[in-house]
Amino acid sequence: MSTVEEAYEHCALVTKEQARNFYYGIRLLPPDKRSALCAVYALARIVDDIGDGDLPPEAKLQGLADIRKSLGDLSASTDPVYVAVADAARRYPIPLGAFEELLDGVEMDVTGREYVRFEDLVEYCRCVAGSVGRLCLGVFGSKPEPEAPTYADELGIALQQTNILRDIREDLLNGRVYLPKEDLDKFGVELKVGEDGRLADDGGGLTALVHFSAARARDWYARGLKLVPSLDRRSAACCAAMSGIYRTLLDRIDEQPSLVFDRRLSLSGREKAVVAVRALTGIGR
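Just so we're aligned, residue 48 is where the sequence shown starts under the working numbering, counting upward by one.
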């Protein structure tokens, strides 16, 4: 059985190795909050890995059901991630029910849900990313602000929309399409990968759709970032750094949509560090 300290060390290692964007923001937090957020991330990672893994759908659904059961009694588990999450939840008002929503979202991936309208996509984004925003808020804490959970939710939805634009090609190759059908139809886009390995952009429809989607995502960032003034300085810096990395990525995609037609675009370590420093010093964009 892991001690609490060992459990947190395990979660920190998982976060450092697998959360390249998330970790740049987490490093700006004081140690206790940083450890708690690493625990939150590590459990979210377990959920995501089930959804993205190679197991058959039935096995994935069983794995998600097992996590739901474990969430019902965290104290009974000896797994280091659950040990850390249980301790973090004792120290901070972490809304553990948000993990249930994350599980709901990953189940949508497993069962292959179709997103006809943008509202359908928002529901998915709220489950897989808005939930994480609210989990983070439980660790951050905030000044009295009744809308804080809503802002955290909206910021998570903005980040997920950025992920979707970045990963159009990769998702398509994995048999998933997150761009709403109504948007694809509006711009006359049939998502397909050509013989050259690039996403087809017949007539520039996909480019136009990316511009449209990026503008819509910015509206969600504008609403979600209303959360920042209600946070303490270090938590605000963490939030601004994580969102700043994704907003910079969104800007780059919007400036040149073709960058995501043949690759999974990312920022360099130096670029992420610059965003984090600006967030900490209050120079954020």
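Positions of the beta carbon are idealized from the N, C-alpha and C atoms, including for glycine.
Rounding to the nearest angstrom, what Cα-Cα distance links residue i and residue j in this structure?
i	j	result
G331	T197	Note that G331 scores a pLDDT of 45, beneath 50, so its modelled location is shaky; the value from the coordinates is reported in the next line. For G331 and T197, the distance between alpha carbons rounds to 22 Å.
V175	A145	9 Å
V61	A112	22 Å
L219	D309	12 Å
V236	D248	8 Å
Y171	A199	15 Å
R164	M155	15 Å
R317	Y71	11 Å
R270	I204	10 Å
A89	A287	21 Å
C85	M289	14 Å
R137	L121	11 Å
A59	D126	15 Å
V87	E201	19 Å
D301	H258	5 Å
N221	A54	33 Å
S277	D232	40 Å
D162	D279	A small fix is needed here, since residue 162 is Tyr in this sequence, not Asp. Using only the alpha carbons, I get a separation of about 37 Å.
G251	E192	44 Å
R325	L297	18 Å
P78	N210	28 Å
Who are the near neighbours of residue i in its chain, counting only those whose CB is closer than 6 Å to its CB and skipping five residues on each side?
i	result
N68	I292
R81	I73
L76	R281 and C285
E148	C174 and S178
L327	L75 and A284
K63	Y70
H57	P127
Here's a check: name, in chain order, each residue in its chain whose Cβ is nearer than 8 Å to the Cβ of residue i, leaving out the five neighbours to either side.
i	result
V51	V130, A131 and D134
G100	K107
L246	I215, R216, L219, L238, K239, V240, L253, V307, F308 and D309
E194	K273
A320	Y71
Apart from the five residues on each side of it in sequence, which residues of its chain come closer than 7 Å, Cβ to Cβ, to residue i?
i	result
L150	V94, L111, I114 and R115
R299	L306 and L312
S117	S124 and Y129
G98	K107, V153, D156 and V157
V169	I204
W267	E201, I204, A205 and Q208
Within 10 angstroms of the Cβ of residue i, are there 16 or more other Cβ atoms? Answer buried if so, exposed if not.
i	result
P103	exposed
S305	exposed
Q303	exposed
K190	exposed
E166	exposed
T158	exposed
P227	buried
R294	buried
T323	Looking at the sequence itself, residue 323 is Ala, so the reference to Thr does not match. Classification for A323: buried.
G180	buried
A83	buried
S315	exposed
My assumption, with CB atoms under 8 Å, is that residue i sits in contact with residue j. Please give the rounded CB distance.
i	j	result
Q65	R92	6 Å
S260	L212	6 Å
A264	F234	Wrong, their Cβ atoms sit about 16 Å apart, outside the cutoff.
Shorter than 6 Å, the distance from the beta carbon of residue i to the closest heavy atom of the ligand MN, or not?
i	result
V186	Among the components of this structure there are no ligands whatsoever, and the ligand MN is therefore not found.
Review point. Does the segment 140–155 come within contact of the segment 184–202, defined as at least 3 CB pairs closer than 8 Å?
Key: yes
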